[in-house]
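A.B. asks: Residue numbers (the numbering used here): 8 to 159. Using N, Cα and C, we set each Cβ at its ideal position, and we do this for glycine too.
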Amino acid sequence: MSGLFENLSQASETAPGFINRIVSANPINNELAFGDAALRHWELLGKELQQDIDAFNDHAGSVSFDEPGPMKYRIRNPDSGLEVRIDAEIGSHIVRYEFARMNDNSAGAPEGGILSMRMGRSGVEFYSADRPLTAQEARSLLLDPVLNSARL
8 MSGLFENLSQ
18 ASETAPGFIN
28 RIVSANPINN
38 ELAFGDAALR
48 HWELLGKELQ
58 QDIDAFNDHA
68 GSVSFDEPGP
78 MKYRIRNPDS
88 GLEVRIDAEI
98 GSHIVRYEFA
108 RMNDNSAGAP
118 EGGILSMRMG
128 RSGVEFYSAD
138 RPLTAQEARS
148 LLLDPVLNSA
158 RL
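#1: Do three or more CB pairs link the stretch 83-103 to the stretch 122-133 at distances below 8 Å?
#2: Across which residues does DSSP place M124 in a beta bridge pair?
#3: Using C-beta distances below 6 Å, list every residue in its chain close to L140, excluding the 5 sequence neighbours before and after it, in chain order.
#4: Which two residues bound the contiguous beta strand (DSSP E) that contains V102?
#5: Leaving aside the five residues before and after G79 along the sequence, list all residues of the same chain whose C-beta is less than 8 Å from its C-beta, in chain order.
#6: Is D111 helix, strand or coil by DSSP?
#7: With H, G and I counted as helix, E and B as strand and the rest as coil, what does DSSP make of G76?
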């Protein structure tokens with residue numbers, strides 16, 4: 008038994024990340040690490056959505072971005088008549104989004120959905136239908152229906 012611990016000790020001295028990989032086998036530590044990374048990914052999504060909306064509004068748009076509560080974003084466009092409500096459930100590893108009509112400028116609202124959050128090669132990534140989405144693809148999925156001012 009002591010040989011195993013000696014080997015682990017030697018391995019940790021020669022391979023700095025080795026002990027972290029052993030600790031990460033603990034599901035509690037994994038969940039805490041995932042939760043922290045998912046929260047950072049969620050916050051980055053919010054900043055990038057805000058930047059996209061600011062750029063859109065620079066060209067005479069009137070789209071609003073709000074954070075009505077913790078882990079919630081809402082984006083509204085009176086010109087398209089649509090809003091999207093985006094809610095993160097970090098503990099469940101999902102982000103729910105739902106489109107809603109806000110006025111008569113829209114004939115209807117597209118169906119919403121769920122993005123899952125999973126560990127990927129570069130940290131937490133959004134997935135739709137088991138396909139990883141880039142940050143640009145995720146924002147496009149959420150923003151395109153709202154920013155499109157053409158009637159459905």
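C.D. replies: Let me lay it out:
#1: The stretch 83-103 vs the stretch 122-133: in contact.
#2: Your numbering for residue 124 matches position 117 in the sequence shown. DSSP, once it has assigned bridges, lists F133 as partnering M124.
#3: By one-based count along the sequence shown, residue 140 stands at place 133. Closer than 6 Å at the Cβ level, and outside the excluded window around L140, lie F133.
#4: As a first step, residue 102 must be located in the sequence shown, where it is residue number 95. Looking at the DSSP string, the run of the beta strand (DSSP E) that includes V102 is 101-108.
#5: The sequence position of residue 79 within the sequence shown is 72, counting from 1. Per the sequence shown, the amino acid found at residue 79 is Lys instead of Gly. Closer than 8 Å at the Cβ level, and outside the excluded window around K79, lie R92, I93, D94, A95.
#6: Taking the sequence shown and counting its residues from 1, the one referred to as residue 111 is at position 104. In the structure shown, D111 sits in coil (DSSP, three-state: anything other than H, G, I, E or B).
#7: Position 69 of the sequence shown, counting from 1, holds the residue named residue 76. In this structure, G76 counts as strand in the three-state DSSP scheme.
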